[in-house]
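Visitor:
Protein chains: 2
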Amino acid sequence: MNKTIHTERLAALRAELARQGLDGFVVPHSDAHQNEFLPPDAERLAWLTGFTGSAGTAVVLADRAAIFVDGRYTLQVRDQVDGNAYEFLHLIETPVDCWLGTVLGEGTRLGFDPWFHTQAQKERLARVVTGAKADLVSVTENPLDAVWTDRPPPPAAPVVPHDLAYAGRDSAAKRAEIAGVLAKAGADAAVLTQPDSIAWLLNVRGGDVDHTPLPLSFAILKADATVDWYVASQKLTDGLAAHLGNGVSVQPPETFADGLKALSEKRVRVASDSAAAWVFERLSGAEILRGEDPVTLPKAIKNEAELDGTRTAHARDGVAMARFLHWLDEAAQDATIDEITAADRLAAFRSTGEHFRDLSFDTISCAGPNGAIVHYRVTPETNRKLEPGSLYLVDSGAQYLDGTTDITRTVAIGTPTEEMRDRFTRVLKGHIGIANMRFPDGTTGGQIDAFARHALWQAGLDYDHGTGHGVGSYLGVHEGPQRISKAGSGTALKPGMIVSNEPGYYKTGEYGIRIENLVAVTPPEAIAGGERAMLGFESLTLAPIDRRLIVSDLLTDAERDWLDDYHARVREVIGAGLDGPRDTSVFTWLSAATAPLS
Amino acid sequence: MNKTIHTERLAALRAELARQGLDGFVVPHSDAHQNEFLPPDAERLAWLTGFTGSAGTAVVLADRAAIFVDGRYTLQVRDQVDGNAYEFLHLIETPVDCWLGTVLGEGTRLGFDPWFHTQAQKERLARVVTGAKADLVSVTENPLDAVWTDRPPPPAAPVVPHDLAYAGRDSAAKRAEIAGVLAKAGADAAVLTQPDSIAWLLNVRGGDVDHTPLPLSFAILKADATVDWYVASQKLTDGLAAHLGNGVSVQPPETFADGLKALSEKRVRVASDSAAAWVFERLSGAEILRGEDPVTLPKAIKNEAELDGTRTAHARDGVAMARFLHWLDEAAQDATIDEITAADRLAAFRSTGEHFRDLSFDTISCAGPNGAIVHYRVTPETNRKLEPGSLYLVDSGAQYLDGTTDITRTVAIGTPTEEMRDRFTRVLKGHIGIANMRFPDGTTGGQIDAFARHALWQAGLDYDHGTGHGVGSYLGVHEGPQRISKAGSGTALKPGMIVSNEPGYYKTGEYGIRIENLVAVTPPEAIAGGERAMLGFESLTLAPIDRRLIVSDLLTDAERDWLDDYHARVREVIGAGLDGPRDTSVFTWLSAATAPLS
Numbered sequence: 000m001n002k003t004i005h006t007e008r009l010a011a012l013r014a015e016l017a018r019q020g021l022d023g024f025v026v027p028h029s030d031a032h033q034n035e036f037l038p039p040d041a042e043r044l045a046w047l048t049g050f051t052g053s054a055g056t057a058v059v060l061a062d063r064a065a066i067f068v069d070g071r072y073t074l075q076v077r078d079q080v081d082g083n084a085y086e087f088l089h090l091i092e093t094p095v096d097c098w099l100g101t102v103l104g105e106g107t108r109l110g111f112d113p114w115f116h117t118q119a120q121k122e123r124l125a126r127v128v129t130g131a132k133a134d135l136v137s138v139t140e141n142p143l144d145a146v147w148t149d150r151p152p153p154p155a156a157p158v159v160p161h162d163l164a165y166a167g168r169d170s171a172a173k174r175a176e177i178a179g180v181l182a183k184a185g186a187d188a189a190v191l192t193q194p195d196s197i198a199w200l201l202n203v204r205g206g207d208v209d210h211t212p213l214p215l216s217f218a219i220l221k222a223d224a225t226v227d228w229y230v231a232s233q234k235l236t237d238g239l240a241a242h243l244g245n246g247v248s249v250q251p252p253e254t255f256a257d258g259l260k261a262l263s264e265k266r267v268r269v270a271s272d273s274a275a276a277w278v279f280e281r282l283s284g285a286e287i288l289r290g291e292d293p294v295t296l297p298k299a300i301k302n303e304a305e306l307d308g309t310r311t312a313h314a315r316d317g318v319a320m321a322r323f324l325h326w327l328d329e330a331a332q333d334a335t336i337d338e339i340t341a342a343d344r345l346a347a348f349r350s351t352g353e354h355f356r357d358l359s360f361d362t363i364s365c366a367g368p369n370g371a372i373v374h375y376r377v378t379p380e381t382n383r384k385l386e387p388g389s390l391y392l393v394d395s396g397a398q399y400l401d402g403t404t405d406i407t408r409t410v411a412i413g414t415p416t417e418e419m420r421d422r423f424t425r426v427l428k429g430h431i432g433i434a435n436m437r438f439p440d441g442t443t444g445g446q447i448d449a450f451a452r453h454a455l456w457q458a459g460l461d462y463d464h465g466t467g468h469g470v471g472s473y474l475g476v477h478e479g480p481q482r483i484s485k486a487g488s489g490t491a492l493k494p495g496m497i498v499s500n501e502p503g504y505y506k507t508g509e510y511g512i513r514i515e516n517l518v519a520v521t522p523p524e525a526i527a528g529g530e531r532a533m534l535g536f537e538s539l540t541l542a543p544i545d546r547r548l549i550v551s552d553l554l555t556d557a558e559r560d561w562l563d564d565y566h567a568r569v570r571e572v573i574g575a576g577l578d579g580p581r582d583t584s585v586f587t588w589l590s591a592a593t594a595p596l597s
Numbered sequence: 000m001n002k003t004i005h006t007e008r009l010a011a012l013r014a015e016l017a018r019q020g021l022d023g024f025v026v027p028h029s030d031a032h033q034n035e036f037l038p039p040d041a042e043r044l045a046w047l048t049g050f051t052g053s054a055g056t057a058v059v060l061a062d063r064a065a066i067f068v069d070g071r072y073t074l075q076v077r078d079q080v081d082g083n084a085y086e087f088l089h090l091i092e093t094p095v096d097c098w099l100g101t102v103l104g105e106g107t108r109l110g111f112d113p114w115f116h117t118q119a120q121k122e123r124l125a126r127v128v129t130g131a132k133a134d135l136v137s138v139t140e141n142p143l144d145a146v147w148t149d150r151p152p153p154p155a156a157p158v159v160p161h162d163l164a165y166a167g168r169d170s171a172a173k174r175a176e177i178a179g180v181l182a183k184a185g186a187d188a189a190v191l192t193q194p195d196s197i198a199w200l201l202n203v204r205g206g207d208v209d210h211t212p213l214p215l216s217f218a219i220l221k222a223d224a225t226v227d228w229y230v231a232s233q234k235l236t237d238g239l240a241a242h243l244g245n246g247v248s249v250q251p252p253e254t255f256a257d258g259l260k261a262l263s264e265k266r267v268r269v270a271s272d273s274a275a276a277w278v279f280e281r282l283s284g285a286e287i288l289r290g291e292d293p294v295t296l297p298k299a300i301k302n303e304a305e306l307d308g309t310r311t312a313h314a315r316d317g318v319a320m321a322r323f324l325h326w327l328d329e330a331a332q333d334a335t336i337d338e339i340t341a342a343d344r345l346a347a348f349r350s351t352g353e354h355f356r357d358l359s360f361d362t363i364s365c366a367g368p369n370g371a372i373v374h375y376r377v378t379p380e381t382n383r384k385l386e387p388g389s390l391y392l393v394d395s396g397a398q399y400l401d402g403t404t405d406i407t408r409t410v411a412i413g414t415p416t417e418e419m420r421d422r423f424t425r426v427l428k429g430h431i432g433i434a435n436m437r438f439p440d441g442t443t444g445g446q447i448d449a450f451a452r453h454a455l456w457q458a459g460l461d462y463d464h465g466t467g468h469g470v471g472s473y474l475g476v477h478e479g480p481q482r483i484s485k486a487g488s489g490t491a492l493k494p495g496m497i498v499s500n501e502p503g504y505y506k507t508g509e510y511g512i513r514i515e516n517l518v519a520v521t522p523p524e525a526i527a528g529g530e531r532a533m534l535g536f537e538s539l540t541l542a543p544i545d546r547r548l549i550v551s552d553l554l555t556d557a558e559r560d561w562l563d564d565y566h567a568r569v570r571e572v573i574g575a576g577l578d579g580p581r582d583t584s585v586f587t588w589l590s591a592a593t594a595p596l597s
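Chains as they are written, first to last, in numbering that gives the first Met the number 0: chain V, 0 to 597; chain G, 0 to 597.
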C-alpha cells in the first residue's frame, strides 16, 4: 500500500478544515446507521488513513493526528498507516474521549459529523470537549467528503419483498403490535435508523452492504401503525408497493429532516445508543423519549415460520459442510490445500444450495497458528498450507432466503497431539454445557456464560471472547439484544431467540480451537417430577464434530450421550439431504464421522 | 398484640403532624446508619404500627395510611397491624414512591426525617413528590419521636479494642492506605456512616445492636489519614484512647453537624446509597464526590490474621455443631425435641466455646414444613416437634472474637423419602459446584451463581434466594460488596473475601433443604499444565453433611471425591477439637458421619 497518497489526503483534509474554520475533526469507522459492514462510500477512515479494520477512529488536529484501534488491530494498523502522520493508540486503554481531554487547547474548534456519531457518543465527546473549554462543532458539510472527490456513489441495490412464507407475520401485524407498545408508553412515534429493524418491520430485503440483505433507509413508525419510509425510490422493485400496502408511505430520503421536524411537539421514541446525533438535532422541537429501538426485541424473538426456515436452511448448510469436510479429509492427505483454496471450496459447496444468496461474512479459514488469531482473515500474504499434525479452524456461514447460518468447526489434519485433543475436549465440554442447559425464564446469557468455560477454568485455561451472539433471520449474522458473555446484556433469553454457542481455546503461535453451533431458545417445558417449566436450547447447526479430537474419557456419560444424540441427528438429517448417486462417498464418510463414541 | 394502642399512637402522630403543619410522614424501618439489626430506640415502625418484620415502610397521611412490606411478610403484617388503620401494600409490586405519586394531592406537605433515608432514597422520593406538585419537607424534629414519650435511650454498650492479633493490621496502616486512595481520587475527606466500616478502620468493637459487635458512631476520615470519630465518650473503655493513638480524635456525637460544616469548600467522598440524606444537607457547602464507602472493599478482603482467626473460629464452631448433631441424632429418636429446644441446645453447645461472644443472628430452627419458610423464626405459637420422616433445617452462627460463623445443615429425622434424598443430593451438587469452582481473576459472583442451581434446573426446580452473601470478621454476618446471586453485584471475587455458599430447595407445606458453608476466596494458583492462575474457594465451615440424605449415584466421581475429602477434613479437624473423655460418643458418631461415601 502506497502511504504517500494517504499523507496527501491528510493534508487535503487539513486544508479543508482550515477553510471551514475548524481546528480538528473526528473520523470514526461508522455510517449513518451504525452498520457492522460499511458500504464503500462510507469507508471514510480507510480512505483517509489506509486502515481497513472493522473498528477504529482517527482524530485529525492541525499539528497532530492519531488513530485508535483495539487489540485485534494493533499490528495491522502499523502495517497500513503512516506512523509519521498518525500516533497509534489503543482504543480501550486510551479512549478517544480521554485523549482529547488531554490534548485539546482552550478554544479549539473540534468538528464532528453528527451523522456518524450516535447521540450517546456525541454526549460523551461533548463532555470532554466542554471540560477542556474547547468547542464541539457539528458540521453540516463533511470536510472529508469535500476532499474525497472520487467517493463512490451510495449503494442502490434493489429492494425486494421478503415473502410471508419466510417472515411468518405480515408487516401490518408487526407494525400494529409495536405501535401498540409505543402508544402504551405514551409515544406518538418512533424513529428507526437501524436498517435491519426496518427490513424486519416492513418484510423487505435488499443488498446495500456486504453479507447482509439490508436496504439502507430510515423510517418513522407512528402510534397509528403507519410508517413513513425514507428510501431511494429507484431501489424499489416492481410489486414492492403492493407488498408494502397502504400503511407504508415511501418518502425521498432527502425529506427525512422534514419528517423529523414535523414531529415537533410530539413525544418521540429514539434510541440514543444507535440513532445518529443528527436525528436528535432535527428533533429539537419534540419531546424525546430515550429507549431501545422498539423493533429490536420482537425481531430477536423468531416466530414459528422463521424457526422452520432456519431449520431448513441449517439442514441445507449442513449438506454443504458435510461435502466440504469430506473433501477436506481426502484432499488434506497430500498437503496441497491452503486456507484460500479451502475457503473457496466451502463457498462453492454452499453456493449450489437452494435459496443461497451470499456468505453471511468473509470466511475465517485458518491453518495451524493462524487459528490462534481470533479475527484472522486470510490474505495472499498470510495464506498457509494445511499441514499434517496441525489443526484447521473454519468459521463461516451463509445467507439463505429462509435463514442465516454461522458455524465453526476445528478439524485434525493428520495426527493431532494429545494436548490438542485435551483442549478440544474441554472446549467441547463447554459447548455441551451450554447446549444441554435448562434454565428458568428470566435467565440472561451472562448467568450461563461460565458453563462454556468451566472445563477450561478447571485446567487453568480460558478464552478472551464472548460465548455467543444473537443471529437474525435472513438478516444480520450479529444482532442483539441477547448474547452469552461474561458481561451479560441484561436481556433475558426468550423462546425463539437464536444465539451462537462458540467456546474456544487459542494457543498463540500454535493452533486455535472453536466449536460453534447456532442454537434456538426452546419454549418453557415441564420436566417430569419438576415444578417449574424450563427453557433450553435446540441446536440448529448440523455438522459432525471431529471425533478424532475427542478424549472420550474426559466426557461424562451425559456429555457422551449428548454428542451421540447430536451426531445421530446430523446423520439422519444431513444423510437425507445428500444426493444419493453423487454423494455416495460423502454418505460413507458421514456415517463414520457421526458414529457413536462408545 | 393489642392493636388499639397502635390506633392511639397513629392518632397522636397525626395530631403532631398537624401541629407541625405537615400533611403526611414517611416511617421507614431504618436507623441513621442503615443497620441490618436496629437498636430498640430506632424501632419506630414497630412502635407505630405493631409490625416487627425486618423490612417495611409506613406512610401516614391525614386521612389514610399504608404499610409496605415484601413477600416474606405479607401474612405477618396482616396479623400484627390493624387493617382498618392501614392499607397493606407489597413493597416490590407497589413501591412507596409509585404509590405516593398516585395519592399525593397538589400542595401536600409530606414530611420525612433525613436521618432515616439515604440520599439516594431521598432523591427518588423527591422525584415523585415534585412530580405530584407536592412538597417534600425535611423535618428537624421527628414528629414520631415527639409522641413516642417512653422511647428507650440509645444503646451505650462499651467500646473495646479489637486486638491486633485478630485484626491483623493496625488502624494507622489501614487509615494510611485508604487516605491514599482518597488523596489519589482528589478527595480531601470521606464521611463514614456505616458502623462496621468504622469498627474495622479503628480496630474497635462494641455491642450497640443485637448479634453484631458494633459501636454506633460516625467518622470523618481525612486525606492525611487522621479520623474525627463522633462517638459517645461514656461508651469508651479504659485503655481505648491509647489503642486509638494520636491519629484519632474522639468528638461528641452532637458536634457531627459542625464537623460536616467544617468541610465546606472541600472535596468530600460520601456514599449516596448508604449515607443519610441528613449528611448531604449538612455538606451543602462542600463539593460532594459520590462513591462507595472507601472502607467496604478493603474490609471485605480479609488479611492472613483474619483468615487464620476465622479458620480457628470455624473449627471451634464445628465442635459445637458436631456435639449438637450427635445429640440431635440421639434425642430425635423419641420425638420430644422441638424447634425451640433444639435451638437452645445448639446455642448452649456454642456458648462454652473459647472467645464466644454472641450468636451471629437468631437461629433459624425449622421442623418439617417450617423449613420451607425461608425467613422462618420460631415462636412459641409456631414451635413444632421434630417428627419421624421429616427434615430438620437449622441455619445458625456465632460471633467469636476471632471470626463470625454462619452454617446451615439439613438433617433427616427418621427415614427420609426418596424425593427428599433426590432434592438434597441436587442441592449438594450445587453446593459442590461452587465449592469446587476455579475461576479467573475478575469473575463476579453473578457469573458463577447458576452453578449452584444447575442440578435443580435440570430437574425443573430452583430456589428463590441468592446463593451467597459476604461475611465479616467478628463483624456483620452480612456484608458487601461481594455476593453470589443471579443479579450479581458487579464486584469481582477477590482473594481473602469470605462468602456463603448456600443453595437450597423448598417444598411449601412439606420441607426445606439448605446446605451452607462459608468459603474464602483463595489466591491465584498456577494449575499444572495450565496457562492462567485461577482463584478458587476454601471451605471454612466444618461439619458433617448428612450422608443419609445423599443418593450417591447422582453424584459424579469428582463430586464424591469432594465430599469424601471434605468429610475427611471435618473428621480430622473436629475430631482433634473434641474432648477425649467427655466426647467419646460424639467422636464415634463423627467417624460414622464423615465416613467415605463409596
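C-beta atoms are modelled at their ideal positions from N, C-alpha and C, and glycine is treated no differently.
(1) With a CB to CB cut of under 8 Å and the five nearest residues on each side skipped, what residues in its chain are close to residue 562/G?
(2) Which class does residue 301/G belong to by DSSP, given the choice of helix, strand or coil?
(3) Would the beta-carbon of residue 504/V fall within 8 Å of that of residue 420/V?
(4) From this set, 448/G, 312/G, 442/G, 330/G, which residue's C-alpha is nearest residue 401/G's C-alpha?
(5) Note down, in chain order, every chain V residue with its Cβ under 7 Å from the Cβ of residue 568/G.
(6) How about residue 438/G: is its C-beta nearer than 8 Å to some C-beta of chain V?
(7) Please classify residue 118/V as buried or exposed, where buried requires at least 16 other C-beta atoms within 10 Å of its C-beta.
(8) Taking Cβ positions, are residue 72/V and residue 104/V nearer each other than 8 Å?
(9) With DSSP collapsed to three states, give me the class of residue 165/V.
(10) Indicate whether at least one CB of chain G lies closer than 8 Å to the CB of residue 528/V.
(11) So, for residue 15/V: in the same chain, excluding its five sequence neighbours on each side, which residues have a beta-carbon less than 7 Å away from its beta-carbon?
(12) Check the Cβ-Cβ distances between residue 419/V and every residue of chain G, and say whether any is below 8 Å.
(13) Roughly how many whole angstroms lie between the Cα atoms of residue 580/V and residue 474/V?
(14) One question on the structure: do residue 470/V and residue 394/V come within less than 8 Å of each other, judged by their Cβ atoms?
(15) Out of 270/V, 275/V, 18/V, 304/V, state which residue places its alpha-carbon closest to the alpha-carbon of residue 295/V.
(16) Using a 10 Å radius around the Cβ and a threshold of 16 neighbouring Cβ atoms, would you call residue 34/V buried or exposed?
(17) Just to confirm before moving on: does the CB-CB distance between residue 109/V and residue 25/V stay below 8 Å?
(18) Taking C-beta pairs closer than 8 Å, name the residues in chain V that residue 460/G reaches, listed in chain order.
(19) With H, G and I counted as helix, E and B as strand and the rest as coil, what does DSSP make of residue 160/G?
(20) Helix, strand or coil, according to DSSP, for residue 419/G in the structure here?
(21) Report the residue from 283/V, 576/V, 267/V whose alpha carbon sits nearest the alpha carbon of residue 290/V.
(22) Taking C-beta pairs closer than 8 Å, name the residues in chain V that residue 456/G reaches, listed in chain order.
(23) Using only alpha-carbon positions, find the residue among 384/G, 210/G, 113/G that is nearest to residue 140/G.
(24) Any contact between the stretch 205-221 of chain V and the stretch 320-334 of chain V? By contact I mean 3 or more CB pairs, one from each, below 8 Å.
Guide: A quick look at the data gives this:
(1) Counting from one through the second sequence, the residue named residue 562/G turns up at place 563. Cβ neighbours of residue 562/G beyond the five flanking positions: 427, 431, 544, 549, 554, 596.
(2) Position 302 of the second sequence, counted from the start, is the residue given in the question as residue 301/G. DSSP places residue 301/G in coil when its eight states are reduced to three.
(3) Numbered from 1 along the first sequence, position 505 holds the residue referred to as residue 504/V. Numbered from 1 along the first sequence, position 421 holds the residue referred to as residue 420/V. Contact: no.
(4) Walking along the second sequence from the start, residue 401/G turns up at place 402. Checking every option, the nearest Cα to that of residue 401/G belongs to 312/G.
(5) Residue 568/G sits at position 569 when you count from the first residue of the second sequence. Going along chain V, no residue has its Cβ under 7 Å from residue 568/G, so there is no contact; the nearest lies around 20 Å.
(6) Here residue 438/G refers to the residue found at position 439 of the second sequence. It does; some Cβ of chain V falls within 8 Å.
(7) Your numbering for residue 118/V matches position 119 in the first sequence. When all chains shown are included, residue 118/V counts as buried.
(8) The count along the first sequence starts at 1 and reaches residue 72/V at position 73. The count along the first sequence starts at 1 and reaches residue 104/V at position 105. Result no, Cβ atoms of residue 72/V and residue 104/V do not sit closer than 8 Å.
(9) Sequence index remark: in the first sequence, residue 165/V carries index 166 (1-based). DSSP places residue 165/V in helix when its eight states are reduced to three.
(10) Within the first sequence, residue 528/V is the residue found at index 529, counting from 1. Yes - at least one Cβ of chain G is within 8 Å of the one on residue 528/V.
(11) In the first sequence, residue 15/V corresponds to position 16, counting from 1. Cβ neighbours of residue 15/V beyond the five flanking positions: 142, 145, 146.
(12) Stepping through the first sequence from its first residue, residue 419/V is reached at position 420. Cβ-Cβ to chain G under 8 Å: no for residue 419/V.
(13) As a working mapping, residue 580/V is identified with position 581 in the first sequence. As a working mapping, residue 474/V is identified with position 475 in the first sequence. Taking the straight line joining both Cα atoms gives about 34 Å.
(14) Within the first sequence, residue 470/V is the residue found at index 471, counting from 1. Within the first sequence, residue 394/V is the residue found at index 395, counting from 1. Not closer than 8 Å, so no.
(15) Here residue 295/V refers to the residue found at position 296 when the first sequence is read from its first residue. It is 270/V.
(16) Sequence index remark: in the first sequence, residue 34/V carries index 35 (1-based). So residue 34/V counts as buried.
(17) As a working note, residue 109/V is residue 110 in the first sequence. As a working note, residue 25/V is residue 26 in the first sequence. Closer than 8 Å, so yes.
(18) Taking the second sequence and counting its residues from 1, the one referred to as residue 460/G is at position 461. Those within 8 Å of residue 460/G in chain V are 529, 530, 531.
(19) Translated into positions along the second sequence, residue 160/G becomes position 161. Note: residue 160/G maps to strand in three-state DSSP.
(20) One-based indexing of the second sequence puts residue 419/G at position 420. DSSP places residue 419/G in helix when its eight states are reduced to three.
(21) Along the first sequence, read from residue 1 onward, the residue named residue 290/V stands at position 291. Residue 267/V is the option with its Cα nearest to residue 290/V.
(22) Here residue 456/G refers to the residue found at position 457 of the second sequence. Simply 436, 437, 438, 439, 533.
(23) For the purposes of this step, residue 140/G is taken as the residue at position 141 of the second sequence. Ranking 384/G, 210/G, 113/G by Cα distance to residue 140/G puts 113/G first.
(24) no
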